[in-house]
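Residue numbers (the numbering used here), protein chains in the order written: chain A, 17 to 144; chain B, 17 to 144. Note that the Cβ used here is the ideal one computed from N, Cα and C, for glycine as well. Since this is a predicted model, take the numbers as computed values, not measurements. A short write-up of the structure that comes next.
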DNA sequence: GCTTGACCCTGACATGATGTCAAGGTCCAC
DNA sequence: GTGGACCTTGACATCATGTCAGGGTCAAGC
């Protein structure tokens, strides 16, 4: 299967598939005489795994760990669980930080007349 | 004032101060004979404005707009308000997306025994 | 006046995930 | 055999930020 098909089947751009190959996240597939990469179903499977993990907010390093856990049939599920919970905690912190910004902005906007006058609590706050 | 003092006073790293100068977000300060940048209080003020806006999640382009609105004493506060609300809406979308990921991870982790057995719903989900 | 350590200068390379563009080779259906 | 779709590599860009190297400057203490 060509890289274009693998891309469509996995939801990862051709660009990123080549990138993941370069950084060692996916093994280099065999090449045809033309030099074209030739992907198997298993390769696409791996790519989709990566796409799903990425969509859950895992970073490249964590995805590499998940991949090795995935292919290790003797691994303990506790390792995977710990990784997922660490990721969740991280997301929780990010959510809290963004939510804080959002509330601050909304509070400031509520205090701002939003009319033709230049007086503006939002700018005043930035000047503090 | 040297760049180090300006950095400490504004909370922006020296590296980023120089960067903001290069991209035109702050005006190039005068130089002393030695070539050292020489910052005024007004410069530091501007830097702190930038730091505050950055902490509220504004991007460089938006900060540039805020800076021009700030120095325009005839501007309408409605423009600033619109910018703040757009930013808040954007943050709201990001928060929702991250919160979604977080919930999914926690749900998956709850279904995972987290023991020595290899069986793991988290990995199964990634394989879908 | 000299030394020393703290400070400053520029420029370059790196990150991470991703896009785009260019110049060239390949494949297949007609 | 030709055209259009596809593939190759490599390079450059983004955004905010860090770090490092190689070199100049300043100020305090001796």
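Any Cβ of chain B closer than 9 Å to the Cβ of residue 17 of chain A would place that residue at the interface, and such an atom is absent. In terms of Cβ geometry, residue 41 of chain A and residue 72 of chain A do not form a close pair [threshold 9 Å]. Straight-line measurement puts the Cα of residue 130 of chain A at about 47 Å from the Cα of residue 35 of chain A. In the structure shown, the three-state DSSP call for residue 47 of chain B is strand. By the Cβ rule, the stretch 98-108 of chain B counts as touching the stretch 108-124 of chain A, because three or more pairs are nearer than 8 Å.
Using a CB distance below 7 Å, the part of the stretch 96-116 of chain B facing chain A consists of 96, 97, 100, 101, 103, 104, 107, 108, 110, 111, 114 and 115, ordered along the chain. Pairing residue 63 of chain B with residue 39 of chain B gives a Cβ-Cβ distance that is not under 9 Å. Listed in chain order, the non-local C-beta contacts of residue 54 of chain A below 8 Å within the same chain comprise 17, 18, 45, 46, 47 and 48, local neighbours out to five positions each way being set aside. Contact check for residue 142 of chain B and residue 98 of chain A: beta-carbon distance about 15 Å, past the 8 Å limit, so the pair fails to qualify.
Put simply, the CB of residue 81 of chain B is far from chain A, with every gap to its CB atoms at 9 Å or more.
In the three-state reduction of the DSSP assignment, residue 91 of chain B falls in the coil class, being assigned neither a helical nor a strand state. Between the alpha carbons of residue 31 of chain A and residue 43 of chain A lies a gap of roughly 15 Å. Where residue 71 of chain A is concerned, the enclosing alpha helix (DSSP H) starts and stops at 57-71.
Against chain A, the beta carbon of residue 129 of chain B has neighbours under 9 Å at 93, 94 and 97, listed in chain order.
At a C-beta separation below 7 Å, residue 42 of chain B has no neighbours in chain A, since its nearest C-beta there lies roughly 15 Å away.
If you check the CB distance, residue 122 of chain B and residue 101 of chain A come in under 9 Å. Our two residues, residue 126 of chain A and residue 136 of chain A, have alpha carbons roughly 11 Å apart in a direct line. From the beta-carbon of residue 144 of chain A, the residues of chain B found nearer than 7 Å are 68.
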